[in-house]
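**Q** Chains F and X supply the protein sequences, listed in that same order. 3 is the number of the first residue of the first sequence in our numbering; add one for each residue after it. 3 is the number of the first residue of the second sequence in our numbering; add one for each residue after it. Mind looking over this structure? Questions follow.
2 protein chains.
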Amino acid sequence: MKMAITGGGGFLGSRLARALLADSRVERLVLADLAPAQSPVDDPRLALLTTDLSEAGAAESIVEGADVIFHLAAILSGQAEAEFDLGMRVNLDGTRRLLEAARAGGRRPRFVFASSLAVFGAPLPPVVTDDTAARPQSSYGAEKAMGELLAAEFSRRGFVDSRILRLPTVCVRPGRPNAAASSFVSGIIREPLHGEKAVCPVGPELALWLSSPRSVVANLVHGASLSAEALGADRTINLPGITVTVGEMIASLARVAGREAPARIEFSGDPAVRRIVSSWPSRFDVRRALALGFSGDLEFEALIREFLADEAAEKGVSQGSR
Amino acid sequence: MKMAITGGGGFLGSRLARALLADSRVERLVLADLAPAQSPVDDPRLALLTTDLSEAGAAESIVEGADVIFHLAAILSGQAEAEFDLGMRVNLDGTRRLLEAARAGGRRPRFVFASSLAVFGAPLPPVVTDDTAARPQSSYGAEKAMGELLAAEFSRRGFVDSRILRLPTVCVRPGRPNAAASSFVSGIIREPLHGEKAVCPVGPELALWLSSPRSVVANLVHGASLSAEALGADRTINLPGITVTVGEMIASLARVAGREAPARIEFSGDPAVRRIVSSWPSRFDVRRALALGFSGDLEFEALIREFLADEAAEKGVSQGSR
Numbered sequence: 003m004k005m006a007i008t009g010g011g012g013f014l015g016s017r018l019a020r021a022l023l024a025d026s027r028v029e030r031l032v033l034a035d036l037a038p039a040q041s042p043v044d045d046p047r048l049a050l051l052t053t054d055l056s057e058a059g060a061a062e063s064i065v066e067g068a069d070v071i072f073h074l075a076a077i078l079s080g081q082a083e084a085e086f087d088l089g090m091r092v093n094l095d096g097t098r099r100l101l102e103a104a105r106a107g108g109r110r111p112r113f114v115f116a117s118s119l120a121v122f123g124a125p126l127p128p129v130v131t132d133d134t135a136a137r138p139q140s141s142y143g144a145e146k147a148m149g150e151l152l153a154a155e156f157s158r159r160g161f162v163d164s165r166i167l168r169l170p171t172v173c174v175r176p177g178r179p180n181a182a183a184s185s186f187v188s189g190i191i192r193e194p195l196h197g198e199k200a201v202c203p204v205g206p207e208l209a210l211w212l213s214s215p216r217s218v219v220a221n222l223v224h225g226a227s228l229s230a231e232a233l234g235a236d237r238t239i240n241l242p243g244i245t246v247t248v249g250e251m252i253a254s255l256a257r258v259a260g261r262e263a264p265a266r267i268e269f270s271g272d273p274a275v276r277r278i279v280s281s282w283p284s285r286f287d288v289r290r291a292l293a294l295g296f297s298g299d300l301e302f303e304a305l306i307r308e309f310l311a312d313e314a315a316e317k318g319v320s321q322g323s324r
Numbered sequence: 003m004k005m006a007i008t009g010g011g012g013f014l015g016s017r018l019a020r021a022l023l024a025d026s027r028v029e030r031l032v033l034a035d036l037a038p039a040q041s042p043v044d045d046p047r048l049a050l051l052t053t054d055l056s057e058a059g060a061a062e063s064i065v066e067g068a069d070v071i072f073h074l075a076a077i078l079s080g081q082a083e084a085e086f087d088l089g090m091r092v093n094l095d096g097t098r099r100l101l102e103a104a105r106a107g108g109r110r111p112r113f114v115f116a117s118s119l120a121v122f123g124a125p126l127p128p129v130v131t132d133d134t135a136a137r138p139q140s141s142y143g144a145e146k147a148m149g150e151l152l153a154a155e156f157s158r159r160g161f162v163d164s165r166i167l168r169l170p171t172v173c174v175r176p177g178r179p180n181a182a183a184s185s186f187v188s189g190i191i192r193e194p195l196h197g198e199k200a201v202c203p204v205g206p207e208l209a210l211w212l213s214s215p216r217s218v219v220a221n222l223v224h225g226a227s228l229s230a231e232a233l234g235a236d237r238t239i240n241l242p243g244i245t246v247t248v249g250e251m252i253a254s255l256a257r258v259a260g261r262e263a264p265a266r267i268e269f270s271g272d273p274a275v276r277r278i279v280s281s282w283p284s285r286f287d288v289r290r291a292l293a294l295g296f297s298g299d300l301e302f303e304a305l306i307r308e309f310l311a312d313e314a315a316e317k318g319v320s321q322g323s324r
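See the structure below:
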């Protein structure tokens with residue numbers, strides 16, 4: 003099997019690459035990214051491709067020969083709101099270019115599209131289901147919702163075989179803050195754990211729908227593995243997550259890391275971030291996803307402990323390789 | 003007020019033009035169409051524009067100076083299914099070009115987008131509401147659903163002021179069969195009334211969601227007249243219609259035109275048409291539309307009588323003008 007990941011230089015892309023390469027049936031894995039990607043693991047099956055999806059021929063070179071394409075590349079929510087045309091070009095046109103290239107290749111590859119809970123916006127029912135209308139309240143959400151329709155239609159026409167997975171907000175992300183409006187969701191846990199200050203732009207009552215990086219990576223791999231028959235006609239799936247308020251997250255942080263950790267969080271309202279993040283739903287009925295074998299997390303403290311364990315393992319790897 | 007209609011040479015565009023010109027506040031009305039449009043009425047405020055939305059500069063010339071834009075132009079459902087790339091270019095890219103041109107104009111015009119019940123597809127709830135997810139099962143439906151998201155997002159960003167109206171199947175259309183999968187819905191009434199044979203590609207049990215041309219035109223005019231405040235944040239509205247089966251339509255035809263009329267209908271299954279048309283919903287909860295002042299029809303026989311009255315009036319006009 004030959005696979006490709008767009009946004010392959012990102013955190014999820016790298017983790018996904020490592021998970022995929024654990025499968026000996028994977029013969030080749032292309033990690034495509036705008037910025038030069040670092041090899042997440044030393045493996046001869048891995049090919050790094052520095053390319054811009056908006057340039058002619060880029061999409062074709064990414065999908066060439068691929069049996070499975072994971073499309074993770076995106077301009078994140080905060081930046082897409084600030085730079086409308088850039089978001090449209092990458093998030094909508096880039097997705098379309100990739101789908102068109104896959105169609106032209108004629109191999110009908112599996113197309114795993116990383117969509118987002120951001121396709122939803124007010125007015126929302128108390129619990130979001132697969133039948134809830136996508137009424138995005140952000141440019142990122144609108145672009146993802148259009149990308150979903152494109153991927154579903156290209157699949158219905160038989161050009162690709164799509165699996166459209168709506169990711170919860172991923173927490174705890176490693177590294178530094180990013181251009182997502184939800185960047186703080188990881189920041190208020192990660193920075194205090196590192197003894198650093200963090201700013202929380204929303205109040206403690208805000209409820210979020212979260213997934214650990216491990217669950218998201220496992221669900222992307224699982225989404226690619228499902229047969230078309232198992233999925234049926236409706237290819238858009240809300241992935242499992244957990245509902246947790248910012249206040250509950252901070253209480254968990256105190257239990258894991260002691261009372262001094264939450265003291266490093268400063269609450270400082272940011273209306274732009276609050277408007278986007280509070281438009282996203284926090285409660286989902288994911289019975290269909292669970293029946294299809296997608297998995298979720300059980301409680302938020304485990305997400306913090308996973309982050310610490312992953313960080314320790316990464317340090318071990320990087321020290322070991324020196 | 004200056005207005006423009008794309009698809010202005012079509013049947014709905016012409017009827018809409020006449021309705022709009024009855025308002026003395028309309029100073030100028032541009033009827034844009036791919037084919038040279040016939041002037042639906044002799045009026046100095048009317049400008050006919052033969053133009054192709056996919057050509058550079060076309061969208062700009064259509065929206066120039068307009069306070070209200072009615073976007074009716076589309077590749078219809080049967081043709082969009084048969085010619086995928088053409089449908090994408092006109093129904094998705096054309097809508098985007100028009101929105102971009104309106105944005106560049108900087109006047110924030112009202113943008114009335116004629117969408118369709120075709121954005122919906124199985125699995126469907128027993129009654130479709132404004133909260134029902136759009137899961138199109140046709141290329142036309144997918145393109146309209148993406149157009150809706152574009153129009154909603156451009157409105158949310160303040161580039162235009164959108165009103166996205168999902169039209170029921172329009173019946174009884176005058177003229178000849180067209181490239182819509184639903185063309186037969188008018189054909190099985192219109193052709194027998196004219197003493198001609200008609201082919202019905204679906205069974206009598208199929209339920210449809212219909213609106214008269216008069217109601218659709220009145221609702222397009224009403225949609226343009228509503229204030230942004232009255233509409234609120236959600237700009238996508240399922241227009242009122244009536245639920246009727248093909249069998250009930252034929253029974254109505256017999257009551258209006260006698261038993262010999264239905265005898266001119268030949269049932270001859272067409273799986274391609276059946277697949278598309280039966281994926282559309284036939285029952286809607288339109289309380290929001292009614293509360294906003296949109297109007298509907300009461301029963302199907304009235305649609306037949308309206309068609310006959312409109313046809314008689316058109317003949318009178320065209321005879322009088324000779």
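No residue lacks a Cβ here, since even glycine has one placed at the ideal position from N, Cα and C.
Is the stretch 161-179 of chain F touching the stretch 154-167 of chain X, taking contact as three or more C-beta pairs under 8 Å?
**A** no
**Q** Just to make sure I have the definition right: I need the residues of chain X whose C-beta is within less than 8 Å of the C-beta of ALA304 of chain F. Which are they?
**A** Chain X residues near ALA304 of chain F: none, gap ~31 Å exceeds 8 Å.
**Q** Just checking: is the beta-carbon of LEU169 of chain F within a distance shorter than 7 Å of some beta-carbon in chain X?
**A** The beta carbon of LEU169 of chain F does not come within 7 Å of any beta carbon belonging to chain X, so the residue lies off that interface.
**Q** Give the straight-line distance between the Cα atoms of PHE309 of chain X and LEU195 of chain X, rounded to the nearest whole angstrom.
**A** 10 Å
**Q** THR134 of chain X versus chain F: which residues are under 7 Å apart at the beta carbon?
**A** Result: ASP133 and ALA135.
**Q** Which of the residues in the stretch 50-67 of chain X, read from start to end, lie with their CB under 7 Å from any CB of chain F?
**A** none
**Q** Please return the same chain residues whose Cβ sits closer than 6 Å to the Cβ of PRO42 of chain F, not counting the five positions on each side in sequence.
**A** Result list for PRO42 of chain F: SER16, ALA19 and ARG20, in chain order.
**Q** Rounded to a whole number of angstroms, what is the C-alpha to C-alpha distance between ARG324 of chain X and GLY318 of chain X?
**A** Any reading at ARG324 of chain X needs caution, since the residue's pLDDT is 40, under 50, leaving its predicted position unreliable; the model's value is listed next. Rounded to the nearest angstrom, the two C-alpha atoms are 10 Å apart.
**Q** In chain order, what residues of the same chain have a beta carbon less than 8 Å from the beta carbon of SER270 of chain X, not counting five sequence neighbours either side?
**A** VAL201, CYS202 and PRO203
**Q** Write down every uninterrupted run of the alpha helix (DSSP H) in the stretch 245-309 of chain F whose length is 4 residues or greater and which is fully enclosed by it, in chain order.
**A** Counting only runs of 4 or more, we get 248-259, 273-279 and 289-293.
**Q** Quick check on DSSP: helix, strand or coil for HIS325 of chain X?
**A** Absent from the structure is residue 325 of chain X, since the part of chain X shown begins at 3 and ends at 324.
**Q** For the beta strand (DSSP E) containing ILE64 of chain X, name the first residue and the last one.
**A** No beta strand (DSSP E) holds ILE64 of chain X; the alpha helix (DSSP H) holding it covers 60-65.
**Q** Which residues in the same chain have their Cβ closer than 6 Å to the Cβ of GLU193 of chain X, if we skip the five residues on either side of it in sequence?
**A** ALA200
**Q** What residues in the stretch 204-236 of chain X have a beta carbon less than 8 Å from any beta carbon of chain F?
**A** ALA235 and ASP236
**Q** Check whether the Cβ atoms of LEU55 of chain F and ALA61 of chain F lie closer than 7 Å to each other.
**A** yes
**Q** Please decide whether LEU292 of chain F counts as near chain X, where near means a Cβ-Cβ distance under 7 Å.
**A** no
**Q** For PHE86 of chain F, which residues of its own chain have a beta-carbon under 7 Å away from its beta-carbon, when the five flanking residues on both sides are left out?
**A** SER141
**Q** Just verifying my parser: in three-state terms, what is the DSSP assignment at ALA104 of chain X?
**A** helix
**Q** Considering only DSSP beta bridges, list what LYS4 of chain F is partnered with.
**A** F:ARG30
**Q** Identify the continuous beta strand (DSSP E) that holds SER229 of chain X and give its terminal residues.
**A** SER229 of chain X -> no beta strand (DSSP E), and no H or E assigned at all.
**Q** The beta strand (DSSP E) spanning ARG112 of chain F covers which residue range?
**A** 112-118
**Q** Quick check for students: name the residue ranges of the alpha helix (DSSP H) that lie wholly in the stretch 136-196 of chain X, counting only runs of 4 or more.
**A** Complete alpha helix (DSSP H) runs here, min 4: 141-158 and 185-195.
**Q** Going by Cα to Cα distance, which pick from F:ALA263, F:ALA232, F:MET148 and F:VAL279 is closest to ALA295 of chain F?
**A** The identity of residue 295 of chain F in the sequence shown is Gly, whereas the question assumes Ala. Comparing Cα positions, the closest option is F:ALA232.
**Q** Counting only the same chain and skipping the five closest in sequence on each side, list residues whose C-beta sits under 6 Å from that of GLY11 of chain F.
**A** The beta carbon of GLY11 of chain F sits closer than 6 Å to the beta carbons of ASP35, ALA37 and ALA39 from its chain, once the five residues preceding and following it are set aside; these are given in chain order.
**Q** I want to see whether chain F comes within less than 7 Å of LEU300 of chain X, judged by CB atoms only; does it?
**A** no
**Q** Got a sec, what are the start and stop residues for the beta strand (DSSP E) PHE72 of chain F sits in?
**A** 70-73
**Q** Do you know how far the Cα of ARG276 of chain X is from the Cα of ALA6 of chain F?
**A** Cα-Cα distance, rounded: 38 Å.
**Q** Give a yes or no on whether the C-beta atoms belonging to GLY243 of chain X and PRO170 of chain X are separated by under 7 Å.
**A** yes
**Q** Assuming ALA135 of chain X and THR134 of chain F make a contact with CB atoms under 8 Å, what is their CB distance in whole Å?
**A** 6 Å
**Q** Determine the chain X residues that contact SER141 of chain F at a beta-carbon separation under 9 Å, and present them in chain order.
**A** When 9 Å is used as the limit between beta carbons, SER141 of chain F is near these residues of chain X: GLU155, ARG158 and ARG159, in chain order.
**Q** Chain X beta carbons: is any one of them nearer than 7 Å to that of ALA147 of chain F?
**A** Chain X places a beta carbon closer than 7 Å to that of ALA147 of chain F, counting this residue as a contact.
**Q** Taking the alpha helix (DSSP H) that SER79 of chain X falls in, what are its first and last residues?
**A** 79-84
**Q** Just to make sure I have the definition right: I need the residues of chain X whose C-beta is within less than 7 Å of the C-beta of LEU100 of chain F. Which are they?
**A** Within 7 Å Cβ-Cβ: nothing; LEU100 of chain F doesn't reach chain X, min ~15 Å.
**Q** Candidates F:GLU83, F:THR52, F:ASP44 and F:PRO111: which alpha carbon is nearest GLU66 of chain F's?
**A** F:PRO111
**Q** Less than 6 Å between C-beta atoms, sequence neighbours within five positions excluded: which residues of the same chain meet that for LEU126 of chain X?
**A** PRO283
**Q** For VAL279 of chain F and VAL174 of chain F, what's the separation of their Cα atoms in angstroms?
**A** 16 Å
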